[in-house]
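Numbering (the numbering used here), first residue to last: 502 to 982.
All C-beta atoms, glycine included, are put in the ideal place defined by N, C-alpha and C.
Note that this is a predicted model, so its numbers are computed, not measured.
Okay, structure first, notes after.
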């Protein structure tokens with residue numbers, strides 16, 4: 502199967518700037534009180550969340566009561582690309598586990614806290630930690646350049662190295678991509694070596710590096726085979742104070758794409774010539790798409806389409822279809838709405854209301870799915886269901902809200918739609934009863950008035966989905982009733 506990559510024309514400038522003349526400025530528009538007034542109702546699909554495995558309890562040194570109250574800070578679950586049936590799970594607190602699908606045995610594969618990589622749990626809580634992992638598609642192919650290699654995305658102390666982008670000793674921390682080479686890919690415990698590939702400065706504790714992934718549809722010989730994708734948020738705080746969203750000079754607010762095995766001579770990795778901003782003066786060549794606020798998670802479908810879950814500021818959560826060269830609009834856009842930072846709205850109140858898009862719209866790519874903060878708070882993961890256990894879900898987008906624990910579904914578009922797809926909530930049963938995950942599995946925190954569910958989704962090699970809950974450390978497999 503050949504990989505499918507969408508492409509759009511390159512942005513004309515590095516930083517989207519529209520001059521605003523003081524004499525021409527008009528009064529700001531009225532904000533939208535409720536940008537998406539329709540409620541999201543339950544669909545007609547019910548699933549059972551069946552206990553699968555519970556991770557060991559982990560701890561960090563941060564003081565309560567933020568996210569450190571979680572039993573295990575499970576971030577994502579994915580299959581090893583070796584046909585073994587093993588699953589890999591990362592805990593933000595620095596531990597990488599392997600789970601045997603057959604007997605559900607859990608093994609500690611790698612602990613960053615014991616490696617000499619400047620992984621420091623004093624940076625917790627919030628979104629720092631072991632954020633992502635990806636295994637090279639040639640991980641189990643003996644003799645191949647990618648044999649035994651995998652990659653981690655994590656937070657390191659800012660005095661532990663020199664950042665390739667945004668280096669500053671005053672940084673809160675730095676986001677690092679590191680390559681690991683295991684001595685024996687069949688082993689369940691890491692032994693081997695590692696090297697740093699990329700380091701990016703982070704001025705705040707949140708909105709940092711997220712997912713790492715390879716395109717599973719790319720075959721040996723395809724341009725996209727072995728290309729590593731990684732997501733970066735806008736650097737943190739709120740409302741993108743450093744305006745990274747529309748800045749192409751560094752990887753923040755973007756999806757990057759690099760070749761981890763082939764150095765270009767200047768870096769320990771390569772950048773393919775078909776990356777959309779290669780050769781554009783002042784642009785970081787690694788950038789594949791930009792204008793994202795906090796794309797903590799993205800996933801590839803089996804056909805190579807890329808789906809990006811972007812956490813919004815105060816109004817809109819969204820899913821974007823991955824398009825090479827796309828500008829998703831942040832901080833000028835949030836979903837299919839303008840923000841008060843839109844230059845045409847010189848007199849608008851700042852910073853959080855949503856506004857109608859002005860007549861002179863920019864060259865933005867808008868979401869395929871969106872919801873506002875009436876029903877939920879922060880999108881946490883997105884997958885296309887390709888399993889067999891829940892036939893009604895086949896081909897549907899399935900995505901979760903981390904705070905409320907609600908799980909939603911929508912139709913998967915064949916291309917960029919004119920309007921976002923309708924959304925329905927998935928009915929979830931625990932122990933034979935309908936479940937409210939926030940009240941059932943959540944824990945007290947400072948981010949939400951009630952319990953925080955901290956729900957994410959994972960996927961195995963068969964395309965089956967798993968419900969991950971940090972509060973109790975459980976992984977639950979979704980099956981039909």
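{"Asked": "Under 8 Å between the Cβ atoms of residue 661 and residue 630?", "Found": "no"}
{"Asked": "Could you check which residue in 871, 760, 970 has the C-alpha nearest to that of residue 540?", "Found": "871"}
{"Asked": "Taking all protein chains shown into account, decide if residue 580 is buried (16 or more other Cβ within 10 angstroms of its Cβ) or exposed.", "Found": "buried"}
{"Asked": "With a Cβ-Cβ cutoff of 8 Å, do residue 877 and residue 904 count as a contact?", "Found": "yes"}
{"Asked": "Curious, which full-length beta strand (DSSP E) runs of at least 3 residues does the segment 869 to 939 contain?", "Found": "870 to 873, 880 to 885, 898 to 902, 908 to 911, 925 to 931"}
{"Asked": "Taking DSSP as the reference, what is the three-state secondary structure of residue 570?", "Found": "helix"}
{"Asked": "Do residue 583 and residue 686 have their CB atoms nearer than 8 Å?", "Found": "yes"}
{"Asked": "So who's on the other strand from residue 978, going by DSSP bridges?", "Found": "551, 967"}
{"Asked": "Taking 8 Å as the threshold (C-beta atoms), are residue 703 and residue 673 in contact?", "Found": "yes"}
{"Asked": "Can you give me the C-alpha to C-alpha distance between residue 603 and residue 586, rounded to a whole angstrom?", "Found": "8 Å"}
{"Asked": "Is there contact here, the segment 861 to 870 with the segment 920 to 928, by at least three beta-carbon pairs under 8 Å?", "Found": "yes"}
{"Asked": "Across which residues does DSSP place residue 809 in a beta bridge pair?", "Found": "799, 821"}
{"Asked": "Using the Cβ count rule (16 or more neighbours within 10 Å means buried), how would you classify residue 646?", "Found": "exposed"}
{"Asked": "Considering only C-alpha positions, which residue in the set 678, 700, 654 is nearest to residue 669?", "Found": "700"}
{"Asked": "For the segment 878 to 889 against the segment 808 to 817, are there 3 or more C-beta pairs whose distance is under 8 Å?", "Found": "yes"}
{"Asked": "Mind checking who residue 612 pairs with in its DSSP beta bridge?", "Found": "596"}
{"Asked": "Is the beta carbon of residue 644 less than 8 Å from the beta carbon of residue 682?", "Found": "no"}
{"Asked": "Restricting to Cα atoms, I'd like to know which of 837, 557, 558 is closest to residue 918.", "Found": "837"}
{"Asked": "Where do the N-terminal and C-terminal ends of the beta strand (DSSP E) with residue 714 fall, by residue?", "Found": "710 to 715"}
{"Asked": "Does the segment 793 to 812 come close enough to the segment 727 to 743 that 3 or more CB-CB pairs lie under 8 Å?", "Found": "yes"}
{"Asked": "Which of the three DSSP states is assigned to residue 653 in this structure?", "Found": "strand"}
{"Asked": "Look at residue 792 and residue 747 and say whether their C-beta atoms are less than 8 Å apart.", "Found": "yes"}
{"Asked": "Kindly say whether residue 809, judged by its beta-carbon, lies nearer than 8 Å to any beta-carbon of chain B.", "Found": "Of the protein chains in the structure, only one exists, and it is not chain B."}
{"Asked": "Check whether the Cβ atoms of residue 543 and residue 928 lie closer than 8 Å to each other.", "Found": "yes"}
{"Asked": "Which residues bound the beta strand (DSSP E) around residue 697?", "Found": "693 to 703"}
{"Asked": "Look up residue 956 in the DSSP assignment and give the residues it is bridged to.", "Found": "970"}
{"Asked": "Any idea which residues DSSP pairs residue 560 with across the strands?", "Found": "For residue 560, which the question treats as bridged, DSSP gives no partner whatsoever."}
{"Asked": "Using a 10 Å radius around the Cβ and a threshold of 16 neighbouring Cβ atoms, would you call residue 861 buried or exposed?", "Found": "exposed"}
{"Asked": "Going by other Cβ atoms of all chains shown within 10 Å of its Cβ, with 16 needed for buried, is residue 711 buried or exposed?", "Found": "buried"}
{"Asked": "Pick helix, strand or coil for residue 840, following the three-state DSSP scheme.", "Found": "strand"}
{"Asked": "Along the chain, where does the beta strand (DSSP E) containing residue 498 start, and where does it finish?", "Found": "Since the first residue of the chain shown is 502 and the last is 982, residue 498 is not available in this structure."}
{"Asked": "What do you get for residue 608, buried or exposed, if any count of 16 or more other CB atoms within 10 angstroms of its CB means buried?", "Found": "exposed"}
{"Asked": "Taking just the CA atoms, how far does residue 749 sit from residue 697?", "Found": "23 Å"}
{"Asked": "Check each candidate in 739, 839, 665, 863 and name the one with the smallest Cα separation from residue 769.", "Found": "665"}
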